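According to my numbering, the stretch in the sequence shown is residues 1 to 95, in order.
The beta carbon of each residue, even a glycine, is placed where N, CA and C say it ideally should be.
Since the model is a prediction, treat every value here as computed from it, not as a measurement.
Here's the structure we're looking at; comments come further down.
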Amino acid sequence: MCIEGGSAGKKIAVLNQDVCFGNKLCCFAAYTEISKYVYYYLQSPIFLDMFNQYKTGIIGGVSIAKVKEILLPLPPLQEQQRIVAQIEKLFEQLK
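In structure tokens form, the structure reads like this:
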């Protein structure tokens with residue numbers, strides 16, 4: 001996820017590849033089973049509101065220390081899978 005500048009808060013999921021991160025990016029590492037749940041949570045209004053509250057400076061950046069303060073709710077794996085399935089079902093209906 002980009003944590004500084006006009007793209008701060010925008011992110012992309014790369015689930016099955018090794019990647020190299022440059023400056024102004026951070027990685028949310030997750031076990032394979034919950035990576036889609038984390039990906040969808042990081043796009044939620046709840047997360048983005050918290051993230052945006054931590055932005056500072058002219059170009060709008062968030063420090064890694066502040067990113068680490070944002071709590072990520074982790075329900076049981078079965079509930080995470082149910083949530084992901086429901087989100088993906090809704091996305092299918094948009095096609």
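What is the C-beta distance between residue i and residue j, in whole angstroms, given that I count them as a contact (C-beta under 8 Å)?
| i | j | result |
| --- | --- | --- |
| G57 | I3 | At roughly 11 Å, the Cβ-Cβ gap does not stay under 8 Å, so G57 and I3 are not in contact. |
| Q80 | I46 | Actually they are not in contact, since the Cβ atoms of Q80 and I46 sit about 15 Å apart, beyond 8 Å. |
| K36 | V84 | 5 Å |
| L72 | V38 | 7 Å |
| I87 | Y41 | Not a contact, Cβ separation roughly 10 Å. |
With DSSP collapsed to three states, give me the class of residue i.
| i | result |
| --- | --- |
| L72 | coil |
| L25 | strand |
Per DSSP, what are the beta-bridge partners of residue i in this structure?
| i | result |
| --- | --- |
| E4 | G61 |
Let's see if you can read the secondary structure: which residues bound the alpha helix (DSSP H) around residue i?
| i | result |
| --- | --- |
| N52 | P45 to Q53 |
| K89 | L77 to L94 |
| V19 | From DSSP, V19 is part of no alpha helix (DSSP H); its letter is neither H nor E. |
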